[in-house]
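Trainee:
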Amino acid sequence: MQREGHFPVMLPEVLDTLAPQDGGVYLDGTFGGGGYSRALLRSASCTVHAIDRDPDAIKRGQPLVAASEGRLHLHQGTFSAMKELAGHHGPFNGIVLDLGVSSFQLDQEERGFSFRHDGPLDMRMSIDGLSAADIVNGEKEQALADILYHYGEERRSRRVARAIIEARQSGPIQTTGQLADIIRKAVPKERPNFDPATRSFQAIRIAVNDELGELERTLETAPGLLAPGGIFCIVTFHSLEDRMTKRALARLAGRMAGPSRHTPLAMQQTEAPSFELLHIRPRTPSDQELNLNPRSRSARLRALRRLPAHGASA
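Under my numbering, the first residue of the sequence shown is numbered 1, with each subsequent residue one higher.
1) Enumerated in chain order, which unbroken segments of the alpha helix (DSSP H) with a length of 4 residues or greater are wholly contained in the segment 114-195?
2) Count the other CB atoms within 10 Å of the CB of PRO91; is the residue buried (16 or more) or exposed (fewer)?
3) Helix, strand or coil for ASP287, going by three-state DSSP, please let me know.
4) What span of residues does the beta strand (DSSP E) with ALA50 cover, start to end?
5) Can you tell which of VAL136, ASP195, PHE232, LEU97 has the C-alpha that lies nearest to the C-alpha of ARG53?
6) Considering only DSSP beta bridges, list what LEU11 is partnered with.
7) When the Cα atoms are used, what is the spatial distance from ASP118 to THR175?
8) Can you find the residues in the same chain that come closer than 6 angstroms, C-beta to C-beta, to PRO20, ignoring five residues on each side of it along the sequence?
9) Going along the chain, which residues of its own chain have a beta-carbon closer than 8 angstroms to the beta-carbon of ALA299, five neighbours each way excluded?
10) For ASP122, is the classification buried or exposed, using 16 other Cβ atoms within 10 angstroms of its Cβ as the cut-off for buried?
11) Taking C-alpha atoms, which residue in ARG38, ALA81, GLU214, LEU225 lies nearest to ALA66?
12) Using a Cβ distance threshold of 8 angstroms, determine whether the segment 142-158 contacts the segment 194-214, with at least three qualifying pairs required.
13) Please confirm if the segment 207-216 is in contact with the segment 249-256, defined as three or more CB-CB distances below 8 angstroms between the two stretches.
14) Between the Cα of LEU277 and the Cα atoms of ILE58, ARG305, ARG217, ILE173, which residue gives the shortest distance?
15) Does GLN21 come out as helix, strand or coil in the three-state DSSP assignment?
16) Is PHE79 near ALA50, with beta carbons less than 7 angstroms apart?
17) Write down the C-beta distance between LEU301 and CYS233 rounded to the nearest angstrom, noting that I regard them as a contact closer than 8 angstroms.
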């Protein structure tokens, strides 16, 4: 495991789940620092197609592309567009997503992702579109409160939104430090080592990057790109995306609760499922990883396998 720069979260568990094979074709939907892609290339004589919406990640990956001797191919874009970007290279023996913000983005203060560094209030993964500053300074109080409540599960969302509205009367909020201070004054500290700004920063980042919309579209697309026996592996980092993932994979595997007796027969599922869950409960980071990389503490790994009797969709 790397100790500096980028930590590929739950890497041993991801490799154990995907079980890369010689001649296989794999899709890394969140290239980031290249941790998963590099490990896949080392584990088997396989081909990897990797996607990232951040142009900086694509640039950082070029030396790895050169060293891979044609086995690694990078595509810039969102992972929800994986079918358009790389689908013609499939079907894939494995698809992996790490839904966390990369260490590179968190540690670069100019990207504005972290309240631990005072930088521009940005948070854009793709460096285009609306920024966090646009949302914080442009949305009305109710809209801000809704973002904080629904995406950050911030119970004091109205209080935080009101504090932001009051603060921006004196001028625009331009830095992560400014915003964090406003939130800390509005929300009492709950417990040691937990910053009151955490949930609000998460919520604004999710809104800026449409992260839940990205995930929803990907959960609909990715399973159809798997080869028979192929595995879809997802590492989540907060309860919203983990619940979405859990429900979507359970539905694909036919493990949702049975239909109501009042449901018309025409609406009840009668076909056998095309997928199976690899783990009923999510896998979590090892104690060793938690000691090396505390950022992984909330990570959860879920996985789905396409049953051999069902081929990939066109």
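We treat Cβ as the ideally placed atom computed from N, Cα and C, and that holds for glycine.
Mentor: Taking the definition as stated:
1) Runs found: 132-138, 141-152, 157-167, 176-186.
2) By the neighbour-count criterion, in which 16 or more other beta carbons inside 10 Å mark a residue as buried, PRO91 falls on the buried side.
3) The answer is helix: DSSP assigns ASP287 an H, G or I state.
4) 47-52 is the span of the beta strand (DSSP E), which, as asked, contains ALA50.
5) The shortest Cα separation from ARG53 among VAL136, ASP195, PHE232, LEU97 belongs to LEU97.
6) Note: LEU11 sits in no beta bridge, so no partner.
7) The alpha-carbon atoms of ASP118 and THR175 are separated by roughly 6 angstroms.
8) Around PRO20: LEU40, SER43, ALA44, CYS46.
9) Short of 8 angstroms from the beta carbon of ALA299, and not among the five residues preceding or following it, lie these beta carbons of its own chain, in chain order: VAL9, MET10, GLY100, VAL235, THR236, PHE237, THR284, PRO285.
10) So ASP122 ends up on the buried side.
11) The shortest C-alpha separation from ALA66 is found at ARG38.
12) Between the segment 142-158 and the segment 194-214 there are three or more C-beta pairs closer than 8 angstroms, enough to call the two in contact.
13) Segments in contact, no.
14) The residue with the shortest Cα to Cα distance from LEU277 is ARG305.
15) DSSP places GLN21 outside both helix and strand once states are collapsed to three, so it counts as coil.
16) It is not a contact, given that the beta carbons lie outside the stated cut-off.
17) The Cβ separation is near 7 angstroms, so the contact holds.
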